Amino acid sequence: MSISSAGIGSGIDVNTLITQLVEAEGVDKSNRLDFNEAEYLGDISAFGSLKSALSIFQGAVRDLQDTADFQLRSALSSNDEVFTATADETADVSQYGIEVVQLAQAHKLITTSGFADTDTIGDGTLTFTQGDDSFSLTIDATDTLTDIRDAINAANDNTGVSASIINVDSGQQLVFTATSSGLDNAITITAVDSDGENSDEFGLSRLVNTQLNTPSAAQDGQIKVDGQLISSNNNTFSDVLDGITINAVSVGAGEQLTVAQDREAITFKIDTFIANYNGLVDTFNTLGSYDAATESAGLLLGDSTLRGISTLIRQEISSSVTGLTGPFSTLAELGITTDEEGKLSLNSETLNAALDSNFDQVGQLFAASNGIANTLDMAIEGYIGSNGIIDSRTAGIQVSVDDIADQREALDRRLVSLESRLLSQFTAMDILVSSLQNQSNFLTQQLANLPGAYNSNSNN
Numbered sequence: 001m002s003i004s005s006a007g008i009g010s011g012i013d014v015n016t017l018i019t020q021l022v023e024a025e026g027v028d029k030s031n032r033l034d035f036n037e038a039e040y041l042g043d044i045s046a047f048g049s050l051k052s053a054l055s056i057f058q059g060a061v062r063d064l065q066d067t068a069d070f071q072l073r074s075a076l077s078s079n080d081e082v083f084t085a086t087a088d089e090t091a092d093v094s095q096y097g098i099e100v101v102q103l104a105q106a107h108k109l110i111t112t113s114g115f116a117d118t119d120t121i122g123d124g125t126l127t128f129t130q131g132d133d134s135f136s137l138t139i140d141a142t143d144t145l146t147d148i149r150d151a152i153n154a155a156n157d158n159t160g161v162s163a164s165i166i167n168v169d170s171g172q173q174l175v176f177t178a179t180s181s182g183l184d185n186a187i188t189i190t191a192v193d194s195d196g197e198n199s200d201e202f203g204l205s206r207l208v209n210t211q212l213n214t215p216s217a218a219q220d221g222q223i224k225v226d227g228q229l230i231s232s233n234n235n236t237f238s239d240v241l242d243g244i245t246i247n248a249v250s251v252g253a254g255e256q257l258t259v260a261q262d263r264e265a266i267t268f269k270i271d272t273f274i275a276n277y278n279g280l281v282d283t284f285n286t287l288g289s290y291d292a293a294t295e296s297a298g299l300l301l302g303d304s305t306l307r308g309i310s311t312l313i314r315q316e317i318s319s320s321v322t323g324l325t326g327p328f329s330t331l332a333e334l335g336i337t338t339d340e341e342g343k344l345s346l347n348s349e350t351l352n353a354a355l356d357s358n359f360d361q362v363g364q365l366f367a368a369s370n371g372i373a374n375t376l377d378m379a380i381e382g383y384i385g386s387n388g389i390i391d392s393r394t395a396g397i398q399v400s401v402d403d404i405a406d407q408r409e410a411l412d413r414r415l416v417s418l419e420s421r422l423l424s425q426f427t428a429m430d431i432l433v434s435s436l437q438n439q440s441n442f443l444t445q446q447l448a449n450l451p452g453a454y455n456s457n458s459n460n
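UniProt numbering applies: residue 1 is where the sequence shown begins, and numbers increase by one.
Rendered as C-alpha cells:
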C-alpha cells in the first residue's frame, strides 16, 4: 500500500513536526551568524566614522602645513568707497597715503547730425586709430547708419571700437565707444570721402572726429601714493608697490592703505584646527568608551587601532618641536592647551601676542618639516591613506562578513538535506505503521470469523 502524504499512516502531522525539527536545528546557528554579522558590520561602520573624523582633522592640519600661508598679507583701505586693495605674500608690511586723483574713462564719440533709418551716408573709407593700432572699412554708397554700425562691430581686425545707435528726436545718431579705457585707447576717426572733401559736413566726413561730440573723453586713472603720481589705462594699479594691487573707486584724498600679516586668515585656520581636533576627540570617546549608566560600550572599545591612533595624535599635540629658531616649540606657548576632557582650548590673548611679536615663528611651529602639522599629517595618513591601517582592518572584517554569507549558504544546504532526510524517514515510518495497521485489521477480522469466536454484539 503506498502513502501519498506523510503522516497518513501514523496519523501524525509529519510536515509540521519536520518543520519544527529543522528550525530547532538551524535557529541557534542562524542567530549566531546574525549576531556575528551585526558585530562585523558595526565595526566597519565604526571604522568609517573614525576615518571620516580623522580625514576632517587632517584637512585642518594640512591648511597649516605650508609656510607660505603664514606669509599672507592683508591690505586694509581706510575708505572702501575711495579705493580697495589686495596684497600677496611679497608685499612689505607698511602704511601708505593714498589719493585717487581721477578715474579712468573710455573714449566715447557721437554724431552731431540725426539720420533717418533709410538715409545713406556716403561712400569711401573710414579708418579707426587707437594708439599704434588701426583698422579700415570700405563704405558703399548704399550703406545706412545701421550698415556702418554692423560693419564696425563685425570687423575681424577691429582694434577696440564698439558702435551703437541711439534714437533721438532728430533721428538716429551713431555712437563710437572704446572697449577699453585710458588715453592709449582714444579713438581717432578719419575718412577718405568720395567727394574729395574729407572733413566737411557732407558724406562720410560727417563721421570724423571734428564733426562728432565727445560725451566722454579718453582718460587715464590716476592715484597718488605717498604724494607720487601714478597713471594707468584703467582703475587698477598693480605695479606701483610690490605685491599690492590698488583699485580706484572714486575721487578722494587723505586715505590710508595698511598692509599687515593676514592674522585673520591664520587665526581662522587655527580655530578650525582646534574645532576639528575636538570633534575627533568626541569620536574617540564615542567609539572607545563605556557608559556605566546605560551599560553600553562603544563599538571599538578596547580596539588596538583606535587606541593606537588616539594615543599617537595626543602625543603629537602635546610634544615639543625641536630645532626651531623661534621662541615657540609647543602649542601651549601659543595659548593652545588641553583641558580636563582631553580637548583643546585657546587663549586668544596669548595667541595674538605671539602673532604680534613673532608671526613667522608661529608658522614655523606648525609648518616646519618636523613641525606639528607635518608630523600629524604623516601620522594620520598612515591610518587613513590608501592601504593604510584602517583600510586593512576594514578589508579583514569584510572578509569575515563575506565568510558569514558562505556559512549561511552552507547552513541552508544542511537544513534542506536534513528536511529531506527526515521526510524520508517519516515516510518510511508511515509505510511501516500503515502496513502493521493493515495486518492488525486483517487478523482481527479473521479472528472474528472463527466458529465460537466471541462477538460483543451477539445475544447470550
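Glycine included, C-beta positions come from ideal geometry on N, C-alpha and C. All of these numbers come straight from a predicted model, not from anything done at the bench.
Taking a contact to require three or more Cβ pairs closer than 8 Å, the stretch 98–107 and the stretch 289–300 do not qualify as touching. Secondary structure at Gly97: strand, using DSSP grouped into helix, strand and coil. If you look at Leu76, you'll find it in the beta strand (DSSP E) that goes 73–77.
Inside the stretch 242–300, DSSP marks whole beta strand (DSSP E) runs of 3 or more residues at positions 244–248, 252–261, from first to last along the chain. A distance below 7 Å separates the beta carbons of Ser205 and Asp193. With a threshold of 16 other beta carbon atoms within 10 Å, Val321 meets it and is buried.
The C-alpha of Thr258 is placed about 51 Å away from the C-alpha of Ser45. Note on Ala53: 16 or more other CB atoms within 10 angstroms of its CB, so buried under the neighbour-count rule.
Taking Ser304 as reference, the option from Gln71, Ile389, Asn79, Asp226 with the minimal CA-CA separation is Ile389.
Scanning its chain for C-beta atoms nearer than 6 Å, with the 5 sequence neighbours on each side dropped, one finds around Ala218 the residues His107, Leu183, Ala186, in chain order.
Within the DSSP bridge table, the entry for Ile139 names Gly124 as partners. When rounded, the separation of the alpha-carbon atoms in Phe273 and Gly48 is 21 Å. Taking 8 Å as the upper bound for CB-CB distance, Leu334 and Leu351 are in contact here, some 5 Å apart. Beyond the five residues adjoining it in sequence on each side, Ile397 comes within less than 8 Å, by CB distance, of Tyr40, Asp43, Ile44, Phe47 in the same chain, given in chain order. In this structure, the beta-carbon distance from Lys269 to Leu64 falls below 7 Å. The three-state secondary structure of Gln65, taken from DSSP, is coil.
Distances from the alpha-carbon of Glu340 to those of Gly363, Glu349, Val281 put Val281 closest. When the alpha-carbon of Asn358 is set against those of Phe128, Asn36, Gln71, the nearest one is in Gln71. In the DSSP annotation of this structure, Ala87 is not part of any alpha helix (DSSP H); the continuous beta strand (DSSP E) holding it starts and ends at 83–87.
Between the beta-carbon of Glu419 and that of Ile56 there is about 52 Å, and that puts the pair past the 8 Å contact cut. The three-state reading of DSSP puts Ala353 in helix, counting H, G and I together. Ranking Glu201, Ile372, Arg73, Asn36 by CA distance to the CA of Gly323 puts Ile372 first. Nearest neighbour of Thr337 by Cα position, chosen from Asp262, Ala353, Asp140, Ser319, turns out to be Ser319.
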